[in-house]
Structures are given as C-alpha cells and as structure tokens.
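Q: Let me begin by handing over the structure; questions about it come next.
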Amino acid sequence: LLSGMAACCALWLRRRWPVGLAVALGVLSTLAPVAGGAALAALFGVAIHRPLRPVLIVAGLILMGGSAQSVLRPDPGTSMAASLTATAVLVLLVTGWGMLVRSRRQLYVALRERAVRAEAEAGLRAEQAQRLAREAIAREMHDVLAHRLTLLSVHAGALEFRPDAPPPEVARAAGVIRDSAHEALQDLRAIIGVLRAPGDEDNRPQPTLATLDGLVAESREAGMKVTLDSRVEDPSAVPAAVGRTAFRIAQESLTNARKHAPGTEATVELSGGAGEGLTVEIRNTAPQGEVPKVPGSGQGLIGLTERTALAGGRFEHGATRDGGFAVRAWLPWTP
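Sequential numbering from 37 applies to the sequence shown in the working numbering.
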C-alpha cells in the first residue's frame, strides 16, 4: 500500500523527469504490483512528450517488469498466458493512446504555424502588390504628365521672355498651353479614375508606335528640332504593348532633351521587325553654352529601365562622344 501511494505521489514529477520516473516505476511495479497503474500512467506521459525511441524502450521495460511479476507471483485464478497477454495489451493500449495524443498535438501546432505562415505570406504578397501598383502609377504619371508639363513650361517661358512677340505667335503659344493643360488634366483624371476603381479598365486610347508622328509634331510645335527616322515598314503591325513601351521611351527621352538640353537637335530612330525585335534610339546633340540647372531626380530613366525590363527588353543610356546624350532600347517583337 505504501509503495502504491509513493508511486502515485511520484507522478507529480512525470513532466520534469518522464523517462527516468517511468523506468523507476516499472522496476517498482515488478516488486510491488500496486505500482503497476502508476507505471502505466508514467508510460502514457512518456508517449505524449517524448519521441518514438525512448517510448519503445520504456514500454519494453514496463512490459518485461509486468511479465516478470506474472512469472514470479502468478495469480492462482488466471493462467500464465492470459496474464502475459493482458499485460501486453495494457502496455500497447497506453503506448498507442499516448502516441495518438502526441500526434494530434503536433498536428495542431503544425496547422497553427502553417496558418501564421500563410497569413504572413499573404501580407507580404499584398504589400508587394501595392508596391508594384504604386511604382506602375508613379511611372505612368511621370511619363505622361512630365511631357505635358514640360510643354507648358516651354511655351510659358517663351511668352515671359518675349512680351513683344507678334499677336499670332502669342495666340499660337497660348493655344499650345491650353491644349497641353487640357491633355494633362485628362491624363490625371484617367489615373485618378484607375485609383478609385481598380477593377475597371481605362477605356481611353493608349499610345502606339503609329502615334509617334504626333509626338514628334507636338515637340516641333514646342520649338524643338526633332527628326524621326523610322525604318519599320508597318508601325501598325507592332504589338500594342511593344508600341506603347516604345512610345513612352521616346516621349520621356524627348522631354528630358527639352528640359536638360534646350535648343539641341534630337533624332528618333526606329528599326527592326517581327522576330528580330524593335530597337528605339533617341539622341540629342550637345547643348551650346551654359545650360540652366533643371531639378530632376532621375526617376524618368529609372522608370524607363523598369518599363523596358517588364516588356522583356534591354535599356541603355549615357553621354555620347560629342557631349550629347543617347537612349537606346531593344524590345522583343514576337511575330
């Protein structure tokens, strides 16, 4: 009786020393059968908190102790085979039950960790999507609005420095300012509309390679000397995405030339075909005299690099030997 009470009290230590306590109670149950229940309880704790190998070792020791008890102190009313079978069944049931509890706990922990990980990954994906959307919007606003606002600045500056200009010239400059402001407002409204309704598509016509003539004419109206050298047989055959990217590259490059190298000559060259890709090159000559400092962060060239990379192309830019500046992009053109 005292051995059984001591064994039950020792179960309070099963979380601190589960394996050692189970072995000790297994040995004690060989000498005192009343400690057998406590030994099985300790085995259950080992099966819950320890991996398979120590569980099997402890279960084997307790099974050997129970079998030895059946041999050394047989029950007159029970056969040896029945006693050994009952001991083995009890040990197996307790071991299996404990391992089942352990596996369910591990499954719960794994599912909880997976849920936390999935939530974190979803947050990262949402953050990345927002960042990409912000970059796309910033790139589009810079490419479109910078061109319009530069035209406004050029013509407004011309009116400021030539207050005695003939009325027809003043009227023409005012008309260009009005048209550029109207186009800039329309572009801004389109971008704001996309921000307010992300599920809706912008129905405004997008620029293509065929509309590059209009961009060159617009730059000439602003007083810029621009030459268009297109060796593409049919600009309308260029895929819409490729043509739009080429248009934005030319637009941003002409805007930069007008801002940072006013009065220079610019050349826009197009070449290539289906299967070999489309090459866009914009060059401007070196400015004459001192060029006034114009604020700029270089975001335009960064945006063009990103835009070209998204299209699967290559983008290069840098100063030329004669002091000018050149931009060159290659875009894939799938037949």
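Every residue gets a Cβ at the ideal spot worked out from N, C-alpha and C, and that includes glycine.
Under 6 Å Cβ to Cβ from residue 356, same chain only, skipping five residues before and after it: list those, please.
A: Counting only Cβ-Cβ distances below 6 Å, and skipping sequence neighbours, we find 362.
Q: What is the C-beta distance between residue 358 and residue 305, in whole angstroms, given that I count them as a contact (C-beta under 8 Å)?
A: Between residue 305 and residue 358 the Cβ distance is about 16 Å, and since that is not below 8 Å, they are no contact.
Q: Distance check for residue 182 and residue 235, CA to CA, integer angstroms please.
A: Bear in mind that a pLDDT of 49 at residue 235, under 50, signals an unreliable position, so the number given afterwards is only what the model happens to contain. Distance between the alpha carbons of residue 235 and residue 182: 26 Å.
Q: For residue 131, which residues in the same chain have their Cβ closer than 7 Å to its Cβ, ignoring the five residues on either side in sequence?
A: Cβ neighbours of residue 131 beyond the five flanking positions: 79, 83, 91 and 95.
Q: Could you give the residue range of the beta strand (DSSP E) that holds residue 364?
A: First-last of the beta strand (DSSP E) with residue 364: 361-367.
Q: Is the distance from the Cβ of residue 188 to the Cβ of residue 206 below 8 Å?
A: No, they are not a contact pair.
Q: Does the beta-carbon distance from residue 303 to residue 319 come in below 8 Å?
A: Their beta carbons are under 8 Å apart, which means residue 303 touches residue 319 by this criterion.
Q: Exposed or buried, residue 343, counting other C-beta atoms within 10 Å across all chains shown (16 or more means buried)?
A: The residue in question, residue 343, is buried, as its Cβ has 16 or more Cβ neighbours within 10 Å.
Q: In the DSSP output, what is residue 355 paired with across the bridge?
A: The partner list for residue 355 (beta bridge, DSSP) reads 361.
Q: Run through DSSP, which three-state label would residue 252 get?
A: It is helical.
Q: Considering only the beta carbon of each residue, do residue 246 and residue 271 sit closer than 8 Å?
A: Yes, these two residues count as a Cβ contact at 8 Å.
Q: Compare the beta carbon distance of residue 256 and residue 220 with 8 Å and say whether it is the shorter of the two.
A: No, the Cβ-Cβ distance between residue 256 and residue 220 is not below 8 Å.
Q: If I'm right that residue 313 touches residue 371 with Cβ under 8 Å, what's the distance once you round it to whole angstroms?
A: 11 Å between Cβ atoms; not a contact.
Q: Tell me the DSSP secondary structure of residue 317 in three-state form.
A: Residue state, collapsed to three classes: strand.
Q: Can you grab the Cα-Cα spacing for the pair residue 291 / residue 152, in whole Å?
A: Each residue's Cα considered, the two are about 48 Å apart.
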